[in-house]
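Student: Got a structure here, written out as structure tokens. Questions coming.
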Amino acid sequence: MPVAAVRAQTRQKDLCDADGIRAIQMDSEEMHVKSYRKVLYFNTPTRRAYINITPQVQQCIDESGIKDGLVLVNAMNITASVFVNDDEPGLHHDFEVWLEKLAPEKPYSQYEHNGFEDNADAHLKRQIMGREVVAAITNGKLDFGTWEQIFYGEFDGKREKRVLVKIIGE
Amino acid sequence: MPVAAVRAQTRQKDLCDADGIRAIQMDSEEMHVKSYRKVLYFNTPTRRAYINITPQVQQCIDESGIKDGLVLVNAMNITASVFVNDDEPGLHHDFEVWLEKLAPEKPYSQYEHNGFEDNADAHLKRQIMGREVVAAITNGKLDFGTWEQIFYGEFDGKREKRVLVKIIGE
Amino acid sequence: MPVAAVRAQTRQKDLCDADGIRAIQMDSEEMHVKSYRKVLYFNTPTRRAYINITPQVQQCIDESGIKDGLVLVNAMNITASVFVNDDEPGLHHDFEVWLEKLAPEKPYSQYEHNGFEDNADAHLKRQIMGREVVAAITNGKLDFGTWEQIFYGEFDGKREKRVLVKIIGE
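Residue numbers (our numbering), protein chains in the order written: chain A, 1 to 170; chain B, 1001 to 1170; chain C, 2001 to 2170.
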């Protein structure tokens, strides 16, 4: 399989159309499917945080023995996100400023949800950043571009939160 | 399988790293994969609405007989969303106010799309709230956190709209 | 399979509840699962662009021979999106104006990420528009609503970028 994959990477096809779309292809193969499940736990010392969980997700793939398939990684709490972006502290600062502008934490009274809660902003921020990532597994690895990293985005921390990793494949 | 799952839930592992990530794991098993498909229909009396469709999605899983796999739930219309958040009316009011601030319905003339339409804002709102949810199925149930609920978000209602439920698993 | 699908489409069920949710169902069948992978390449002449890649994704499905399953289509770069919306130039203009309002490109100095880069806004825009689409395949076709089209959204173009297409199914 690794050899076939490398060959596929070098067997480039012609341009498909004027938009400059080119394509590289791997052949289909019959699979013996199995599944794998793990829960990751988080307890951040701050209300908001961005944690790179790519190593933990790759470790799940390694443990599963699955070489080819799909991995779902989703927040199990509705005030947190799982998303793919850059592992660059400047960008994470920009996320913080930007999300506070689009869905400010305070004043708490601006949100009806905040009768007994103070986390309405976290429910909104999570809609922008997203609940889940679905990624491909190829040759036993996350099939990622150069800079893709999976993050857990916490918007209402200081307590135990969970992320589900579910893998389907061969 | 239920017994194995319960055992997995109680066989906790050590902390993985300094960020406080803990993990619980289930072993992989070979699967006999099948698929299932259903379309849900909606016709809301208001332009915008949030409808909890978790029971309908769980019913699809029950009907499919699939115990372990993935379920895709997506809006088939491009002015509606499927997303996971809290079943709390105050929050839904906050969504309404917030989305109207980020992507206001009126004046209609502010959008080029509104030549023959008046729903450009609905196309934008749906980008923030998302088109689809992919969820795990474990032991025949939606593998959800305590407060996770699946919603159909309507942004241009008063006519028939559709949601696709597609399940792959064993 | 096509005949069964048509029959399913005409075997409608009663309303499920007062929200007007109706359902149409297809029976589950055992599958012989395989996978398929292709990378699409883009090099847009402008910084931002929206390219309809539905024909390329359908071509992948055709090449895979997979009739029933899931297709993942994701940007492999973190300054680009894959999303589903309308193929209507007025709406794409509205996206451009709207995203510039929510996450403006300039002044570059407003973002900490822009120390050696000028594309922080592209990282933010991609969070709103999303990284990936997961779509159902039924009877060998994208199982889409009438107006659903898959787009590549470029927010930092003028260089080679990639999109991954991964298919799992029978």
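Don't be surprised by glycine CBs; every beta carbon is placed ideally from N, CA and C. Here the structure is a predicted model, which is why all the values come from computation and not from measurement.
Compute the Euclidean distance between the alpha carbons of Leu1102/B and Asp2086/C, then round it to the nearest angstrom.
Tutor: Start at 1 with the first residue of the second sequence, and residue 1102/B comes out as number 102. Start at 1 with the first residue of the third sequence, and residue 2086/C comes out as number 86. Distance between the alpha carbons of Leu1102/B and Asp2086/C is about 20 Å.
Student: Does chain A have any CB closer than 9 Å to the CB of Arg2048/C?
Tutor: What you label residue 2048/C is simply residue 48 of the third sequence in a count that begins at 1. Output row for Arg2048/C: interface = no.
Student: First and last residue of the alpha helix (DSSP H) that includes Ile61/A?
Tutor: Stepping through the first sequence from its first residue, residue 61/A is reached at position 61. It spans Thr54 to Ser64 - the alpha helix (DSSP H) in which Ile61/A sits, taken as one unbroken run.
Student: Given Val39/A, which residues of its chain have a CB within under 8 Å of its CB, disregarding the five upstream and five downstream residues?
Tutor: Here the question's residue 39/A lines up with position 39 in the first sequence. For Val39/A, where only same-chain residues beyond five positions count, the Cβ hits under 8 Å are Met76, Arg162, Val163, Leu164 and Val165.
Student: Contact between the stretch 1067-1074 of chain B and the stretch 2030-2037 of chain C: three or more CB pairs below 8 Å?
Tutor: Touching, no.
Student: Check whether the stretch 99-117 of chain A touches the stretch 52-59 of chain A, counting contact only when three or more Cβ pairs, one atom from each stretch, lie closer than 8 Å.
Tutor: These segments do not touch.
Student: For Leu124/A, which option in Asp2068/C, Ile2128/C and Gly2065/C has the closest C-alpha, if you only look at C-alpha atoms?
Tutor: Here the question's residue 124/A lines up with position 124 in the first sequence. Selected option, being the one with the closest Cα: Ile2128/C.
Student: Under a three-way DSSP split, which group does Ile1078/B fall into?
Tutor: Walking along the second sequence from the start, residue 1078/B turns up at place 78. Coil, per DSSP.
Student: List, in chain order, every chain C residue whose beta-carbon is nearer than 7 Å to that of Glu1132/B.
Tutor: One-based indexing of the second sequence puts residue 1132/B at position 132. Correct list: Val2134.
Student: Check the C-beta distance from Ala2080/C over to Phe2155/C and give it rounded, since I have them as a contact under 8 Å.
Tutor: Translated into the one-based positions of the third sequence, residue 2080/C becomes position 80. Translated into the one-based positions of the third sequence, residue 2155/C becomes position 155. Correct: roughly 6 Å between the Cβ atoms.
Student: Mapping the DSSP letters down to three states, classify Phe95/A as helix, strand or coil.
Tutor: The residue labelled residue 95/A in the question sits at position 95 within the first sequence. Correct three-state label for Phe95/A: helix.
Student: What's the C-alpha gap between Gly130/A and Gly1130/B?
Tutor: Sequence index remark: in the first sequence, residue 130/A carries index 130 (1-based). Sequence index remark: in the second sequence, residue 1130/B carries index 130 (1-based). Each residue's Cα considered, the two are about 8 Å apart.
Student: For Leu2099/C, go through chain F and note every residue whose CB falls closer than 9 Å to its CB, in chain order.
Tutor: Among the protein chains of the structure shown, namely A, B and C, there is no chain F.
Student: Using DSSP's beta-bridge definition, name the partner residues of Ala1049/B.
Tutor: Position 49 of the second sequence, counted from the first residue, corresponds to residue 1049/B. Its beta-bridge partners are Glu1154/B.
Student: DSSP state of Lys2166/C, grouped into three classes?
Tutor: Position 166 of the third sequence, counted from the start, is the residue given in the question as residue 2166/C. Lys2166/C: strand per DSSP, three-state reduction.
Student: Where does Asp1014/B land, buried or exposed, given buried means 16+ other C-beta within 10 angstroms?
Tutor: Stepping through the second sequence from its first residue, residue 1014/B is reached at position 14. With a pLDDT of only 36 at Asp1014/B, under the threshold of 50, the placement of this residue in the model should not be trusted, and no figure is reported.
Student: Output needed for Asp68/A: all residues of its chain with C-beta closer than 7 Å, excluding positions within five of it in sequence on either side, in chain order.
Tutor: The residue you call residue 68/A lines up with position 68 of the first sequence. Only Met31, Ile137, Thr138, Gly169 and Glu170 meet the Cβ criterion.
Student: Closer than 9 Å, CB to CB, is His1123/B near chain C or not?
Tutor: Sequence index remark: in the second sequence, residue 1123/B carries index 123 (1-based). Answer yes: the Cβ-Cβ gap between His1123/B and chain C drops below 9 Å somewhere.
Student: What is the residue span of the alpha helix (DSSP H) that Lys1125/B lies within?
Tutor: Position 125 of the second sequence holds residue 1125/B. That run of the alpha helix (DSSP H) goes Ala1120 to Met1129.
Student: With Glu1148/B and Ile78/A assumed to form a contact (beta carbons below 8 Å), what rounded beta-carbon distance in angstroms separates them?
Tutor: Counting from one through the second sequence, the residue named residue 1148/B turns up at place 148. Counting from one through the first sequence, the residue named residue 78/A turns up at place 78. Yes, Glu1148/B and Ile78/A are in contact; Cβ-Cβ is about 6 Å, under 8 Å.
Student: Per DSSP, Asp68/A forms a beta bridge with which residues?
Tutor: The residue you call residue 68/A lines up with position 68 of the first sequence. DSSP lists Thr138/A as partners of Asp68/A.
Student: Rounded to the nearest angstrom, how far is the Cβ of Ala120/A from that of Asp1094/B, given a contact under 8 Å?
Tutor: As a first step, residue 120/A is located in the first sequence; it is residue number 120 there, counting from the start. As a first step, residue 1094/B is located in the second sequence; it is residue number 94 there, counting from the start. Yes, they are in contact, since the Cβ atoms of Ala120/A and Asp1094/B sit about 5 Å apart, within 8 Å.
Student: Among the candidates His92/A, Tyr50/A, Asp62/A and Thr146/A, whose CA atom is the shortest distance from the CA of Val82/A?
Tutor: Taking the first sequence and counting its residues from 1, one reaches residue 82/A at position 82. Of the listed residues, the one whose Cα sits closest to Val82/A is Tyr50/A.
Student: On a CA-only basis, which of Arg2047/C, Thr2146/C, Phe2042/C and Glu2100/C is nearest Glu1160/B? Give me that one, please.
Tutor: The residue given as residue 1160/B occupies position 160 in the second sequence. Checking every option, the nearest Cα to that of Glu1160/B belongs to Thr2146/C.
Student: State the Cα-Cα distance for the pair Gln110/A and His1092/B, rounded to the nearest angstrom.
Tutor: For the purposes of this step, residue 110/A is taken as the residue at position 110 of the first sequence. For the purposes of this step, residue 1092/B is taken as the residue at position 92 of the second sequence. Distance between the alpha carbons of Gln110/A and His1092/B: 14 Å.
Student: Excluding the five sequence neighbours on either side, which residues of its own chain have a C-beta within less than 8 Å of the C-beta of Arg126/A, listed in chain order?
Tutor: Counting from 1 along the first sequence, the entry for residue 126/A is found at position 126. Here the set comprises Ala75, Ile78, Thr79, Ala80, Ser81, Gly153 and Phe155.
Student: Straight-line CA distance for Tyr2041/C to Arg2047/C?
Tutor: Position 41 of the third sequence, counting from 1, holds the residue named residue 2041/C. Position 47 of the third sequence, counting from 1, holds the residue named residue 2047/C. Their Cα atoms are separated by approximately 16 Å.
Student: For a contact defined as C-beta to C-beta under 9 Å, what are the partners of Leu2072/C on chain A?
Tutor: Position 72 of the third sequence, counting from 1, holds the residue named residue 2072/C. The contacting residues are Leu70, Val134, Ala135 and Ala136.
Student: Quick check: the Cα distance between Ala171/A and Glu1100/B, rounded to an integer number of angstroms?
Tutor: For residue 171/A there is no data in the structure shown, the boundaries of chain A being 1 and 170.
Student: List the residues of chain C that Ile78/A touches, going by C-beta distances under 8 Å, in chain order.
Tutor: Working through the first sequence from its first residue, we reach residue 78/A at position 78. Correct list: empty, because the minimum Cβ distance to chain C is about 18 Å.
Student: Is it buried or exposed for Asp17/A, if we count other Cβ within 10 angstroms and need 16 for buried?
Tutor: Position 17 of the first sequence, counting from 1, holds the residue named residue 17/A. Low per-residue confidence applies at Asp17/A: pLDDT is 42, beneath 50, and the placement is therefore not dependable enough to give any value.
Student: Any beta carbon of chain C sitting closer than 9 Å to that of Val163/A?
Tutor: Taking the first sequence and counting its residues from 1, the one referred to as residue 163/A is at position 163. Answer no: the Cβ-Cβ gap between Val163/A and chain C never drops below 9 Å.
Student: Residues in the same chain with beta-carbon distance under 7 Å from Glu112/A, minus the five sequence neighbours each way, listed in chain order, please.
Tutor: As a first step, residue 112/A is located in the first sequence; it is residue number 112 there, counting from the start. Cβ neighbours of Glu112/A beyond the five flanking positions: none.
Student: At a CB-CB cut-off below 8 Å, which residues of chain A make contact with Leu1102/B?
Tutor: Locating residue 1102/B in the second sequence gives position 102, where the first residue counts as 1. Chain A residues near Leu1102/B: Leu102.
Student: For Gly65/A, tell me which candidate among Lys158/A, Thr44/A and Gly140/A has the shortest Cα-Cα distance.
Tutor: Here residue 65/A corresponds to residue number 65 of the first sequence, with the count starting at 1. Checked all of Lys158/A, Thr44/A and Gly140/A; the closest Cα to Gly65/A is Gly140/A.
Student: Can you tell me which of Gly90/A, Val84/A, Ile167/A and Glu132/A puts its alpha carbon nearest to the alpha carbon of Asn52/A?
Tutor: In the first sequence, the residue the question calls residue 52/A occupies position 52. When each option's Cα is compared against that of Asn52/A, the closest is Val84/A.
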